[in-house]
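Heads up: the sequence shown at position 70 corresponds to 70 in the UniProt record's numbering, and the numbers run straight through without jumps.
All C-beta atoms in this analysis are idealised placements derived from N, C-alpha and C, irrespective of residue type, glycine included.
Note that this is a predicted model, so its numbers are computed, not measured.
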Amino acid sequence: TIRKAPTATYQGGEDFSKGYCVLRQGEDMTLLASGIMVEQALKAADQLEAQGVSVQVIDLFRIKPIHEDIPALLSGRPVLTVENHNRIGGLGSSICELMATDLTTP
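Dropping the structure here:
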């Protein structure tokens, strides 16, 4: 199968040095996405916003190592990862490990 080209997510001038970019600010929950799933996360955020849920969307394009800022960005809200996962780990596994070792994340 041939994938269609993803929608442009970035406009230019972004800082990619940290390995992530907060695409949307939100208070109720966080969607963490990587790769081609970022577009799907943004669409899901649109649907949730229409229902009154304020969603933070983060493009985590460098999964290992995860930047030290990420636990603070996740703290105090539900987190959902959106990814093309496989059996040997990926974004969801990495975030679970991070949250399990960071006692400030509920």
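Identity of the residues DSSP links to residue i by a beta bridge
i, result
"residue 108", "As shown, the chain starts at 1 and ends at 106. That puts residue 108 outside it, with no answer to give."
"Y10", "Its beta-bridge partners do not exist; DSSP assigns none."
"C21", "D59"
"L80", "L31"
Three-way DSSP call (helix, strand, coil) for residue i in this model
i, result
"T101", "helix"
"G92", "helix"
Boundaries of the alpha helix (DSSP H) in which residue i is found, first to last residue
i, result
"I70", "70-74"
"D46", "37-50"
Integer-rounded CB distance, given that residue j should sit under 8 Å from residue i
i, j, result
"Q56", "T30", "4 Å"
Counting Cβ pairs closer than 8 Å, one from the segment 76-94 and one from the segment 27-39, do we hit at least three?
yes
For the 8 Å Cβ check, are there 3 or more pairs between the segment 7-20 and the segment 63-70?
yes
Inter-stretch contact (C-beta, 8 Å, three-pair minimum) for the segment 35-50 and the segment 72-79:
no
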